[in-house]
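So the mapping is simple: the working numbering equals the position in the sequence shown, first residue as 1, plus 132.
Note that the Cβ used here is the ideal one computed from N, Cα and C, for glycine as well.
Written out below as structure tokens is the structure these notes cover.
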Amino acid sequence: MKIPGLTPPKQESENFLSVEPNLSVIKHPEEFVSSQSEAYIIFDPEFPEGYHLNKNAPNRFEIKVDKPEIINISVEKNRFDEVPLSIAVTAIKEGSATINAKFNVYYCREDNTGVCLIKTLRWEIPIRVVNEKKITRVELRPKLSLN
Numbered sequence: 133m134k135i136p137g138l139t140p141p142k143q144e145s146e147n148f149l150s151v152e153p154n155l156s157v158i159k160h161p162e163e164f165v166s167s168q169s170e171a172y173i174i175f176d177p178e179f180p181e182g183y184h185l186n187k188n189a190p191n192r193f194e195i196k197v198d199k200p201e202i203i204n205i206s207v208e209k210n211r212f213d214e215v216p217l218s219i220a221v222t223a224i225k226e227g228s229a230t231i232n233a234k235f236n237v238y239y240c241r242e243d244n245t246g247v248c249l250i251k252t253l254r255w256e257i258p259i260r261v262v263n264e265k266k267i268t269r270v271e272l273r274p275k276l277s278l279n
């Protein structure tokens, strides 16, 4: 039904960077990666004492890069059930790019029927692709808490 003078509300597109409950945003220092080489994003959280990754929960990651002509992500999003998690990235040519890496982690005490916590972590990782040999691993090692 059309009503003269009334316009429908604008639909917001789903945004990767939208606010999520229990979200922590971490600014990572700039990393230097060799051109035309493969490097790895390693996600290896430290759980509170007595807690572990709930392998039955929908743990997932999503990785985006602002300049895909400089950096290629092997798997942009998926579920995972063990850590450390390793995701390959390929440095295509020299230049600068920013990787946004988001991880949803479910961790529980004792068996998976006890107290469980959910944490969403997002990193902004500036990458500079250079000609000389540089790092092959970007390590993300958050210390998860009970909050």
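How many whole angstroms separate the CB atoms of residue i and residue j, which I take to be in contact at a CB cut-off of 8 Å?
{"i": "Ile-224", "j": "Glu-201", "result": "7 Å"}
{"i": "Ile-158", "j": "Ile-195", "result": "Rounded, the Cβ-Cβ distance is 14 Å, inconsistent with contact."}
{"i": "Leu-276", "j": "Glu-178", "result": "7 Å"}
{"i": "Thr-230", "j": "Leu-155", "result": "Between Leu-155 and Thr-230 the Cβ distance is about 18 Å, and since that is not below 8 Å, they are no contact."}
Hey, could you find the ends of the beta strand (DSSP E) residue i is sitting in?
{"i": "Leu-155", "result": "155-159"}
{"i": "Phe-164", "result": "163-166"}
{"i": "Ile-195", "result": "192-197"}
{"i": "Glu-271", "result": "269-272"}
{"i": "Leu-276", "result": "Unbroken run through Leu-276: none, as it is neither H nor E."}
{"i": "Asn-204", "result": "203-205"}
{"i": "Asn-210", "result": "209-211"}
{"i": "Leu-185", "result": "183-185"}
Bridge partners for residue i per DSSP, in chain order?
{"i": "Ser-218", "result": "Ile-174"}
{"i": "Thr-230", "result": "Pro-258"}
{"i": "Ala-223", "result": "Ser-169, Ile-203"}
Do we get a CB-CB distance below 8 Å when we pair residue i with the residues of chain C?
{"i": "Tyr-238", "result": "Checking the listed chains, one finds no chain C in this structure; it contains a single protein chain."}
* Determine, using beta-carbon pairs with one atom in the region 247-257 and one in the region 199-213, whether at least three such pairs fall under 8 Å. => no
* Would you call the region 182-200 and the region 266-273 in contact, with 3 or more CB pairs under 8 Å? -> no
* Entirely enclosed beta strand (DSSP E) segments - the region 234-258, minimum 3 residues -> none
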